[in-house]
Structures are given as structure tokens and as C-alpha cells.
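**Q** Residue numbers (our numbering), protein chains in the order written: chain L, 265 to 377; chain D, 124 to 237. Take this structure first; my questions come after.
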Amino acid sequence: QKEVEQNSGPLSVPEGAIASLNCTYSDRGSQSFFWYRQYSGKSPELIMFIYSNGDKEDGRFTAQLNKASQYVSLLIRDSQPSDSATYLCAVKKATGTASKLTFGTGTRLQVTL
Amino acid sequence: KAGVTQTPRYLIKTRGQQVTLSCSPISGHRSVSWYQQTPGQGLQFLFEYFSETQRNKGNFPGRFSGRQFSNSRSEMNVSTLELGDSALYLCASSSQGANTGELFFGEGSRLTVL
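Put into C-alpha cells, the structure is as follows:
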């Protein structure tokens, strides 16, 4: 079982729709959760992070966390063609002073006109 | 403010050779992490350096090594290259180590091993 699992996609949604990206993780000791966006040929950039159960909203983006189900999701409202990218879920478990991010393989999102 | 700079951007090596990649973090950032990205495996953690000390290490063989200098610049080295080492190597810096989770990535060094 992979530590962080995502559906590779592509997830295709029409412009203006809600895109729902999902991620599950295996380590119950995971403490914080991140969504990175990576455009083709570019490096990843952080768009959202969440630490506590529930929802966290930032503009058109909402991150949802359910630690009991070991599930984190990203909702993108009013999807735009510029949102077409690969979305990487990352999970952090801190051990002492050391920590690392474990990434999923990403979900490719295509927003169609 | 300059971003994370990685050099070289592209390089081609043959099996058995060794390679050194360089990363200059954002000014003031003391943590540098290295990741390998391949289409099948995604982003895999190699190691993290903070104030010249390796603070965390991923599950890569000893052929992969790194170091960090007093100015926070970092290098990673891969010896005895194998075909499977072909990948995009990404460096990321952070102001407080990877504890915050906000990593700022460079554009990467794309290594091709023939």
C-alpha cells in the first residue's frame, strides 16, 4: 500500500464546474496535509494546507480533512482552464526535529471549455 | 526576491558516471530538501539538510548523497549512474525546515542516463 494515494486521472471537468480531487494516506500519525499544483514542465507550488479536521477555504479552493477516514480532498469551485494541471497531495509526519513530505503521484485535472 | 536556483537544468550522462547537482535556496532559507520525480513514482524524498546537517533521509541507496554549505547552498551527488536514475531532480527550500510543509521548488535538473 502506498503511503499517499491519488487517482492519476485525468479528471475532466467543464469550465465553471466544481473539480473534486481526492487523496488517502496510510499513516495515522500524519499531522499535516498539503496540496501542490504542478503545471506541465514546471515545478510544484503550494496552494493549500490543512492541519485540523474539517474544511478550510481559500478563494475558489477548499481543502477537506477527515483524519478518522484518513482522507483529504481539494475542491476547486468555478474551475477555469488555467486550473488544468497536476495536483499533488502531500502528507507530513514530524519525528522529533526531522520531518519530510510524502507526495502522492498526483491527479491530472483537465478543465474543458 | 530570487527563487530557488538549480544548475544544471539539463544533463546527459552514461551509465557508471557520476553527477553533481547544485541548488541555491531562497535567501534566508536554511532548509534544503531534494526530491526525485519520475512519471511512475512521482515525487520521492531523497534527503533534507538544515544548517549544514542532514536532518532526514529517504529510502535511496548510498549512491545518492548530498551536502549543504554554510551559505545554505546544497549539492547532491549520484555515483555509478544507472539507467533508472533518469529523472527530474527537484530541490526545495524552506524558511523553517520542512516542518511548515511550505516548500519552494526550483525548476529542477533533468538527468538522462544513457
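Glycine included, every Cβ here is placed at the ideal spot set by N, Cα and C.
#1: I want to see whether chain D comes within less than 8 Å of residue 325 of chain L, judged by CB atoms only; does it?
#2: Since I believe residue 150 of chain D is in contact with residue 168 of chain D (beta carbons under 8 Å), could you give me their beta-carbon distance rounded to a whole number of angstroms?
#3: When you compare the stretch 340-355 of chain L with the stretch 276-285 of chain L, are there three or more beta-carbon pairs, one atom per stretch, that lie closer than 8 Å?
#4: Could you work out which residues of chain D lie near residue 352 of chain L, taking near to mean beta carbons separated by less than 7 Å?
#5: Measuring only the C-alpha atoms, how far is residue 141 of chain D from residue 230 of chain D?
#6: Would the stretch 186-201 of chain D count as touching the stretch 128-142 of chain D if we require 3 or more Cβ pairs under 8 Å?
#7: Just confirm the distance between the C-beta atoms of residue 327 of chain L and residue 299 of chain L, as a whole number of angstroms; I'd bet it's less than 8 Å.
#8: Considering only residues of the same chain and omitting the five flanking positions on each side of residue 354 of chain L, which have a CB-CB separation below 8 Å?
#9: Can you pull out the residues from the stretch 224-235 of chain D whose beta carbon lies closer than 7 Å to at least one beta carbon of chain L?
#10: Quick check on this structure: which residue in L/325, L/334, L/304 has the alpha carbon closest to the alpha carbon of residue 348 of chain L?
**A** On the basis of the coordinates in this document:
#1: no
#2: Incorrect: roughly 24 Å between the Cβ atoms, too far for contact.
#3: Yes, the stretch 340-355 of chain L touches the stretch 276-285 of chain L.
#4: 166
#5: 21 Å
#6: yes
#7: 6 Å
#8: Within the same chain, residue 354 of chain L has close Cβ partners 268, 297, 298, 299, 300, 365, 366, 367, 368.
#9: 224, 225, 226, 228, 229, 230, 231
#10: L/304
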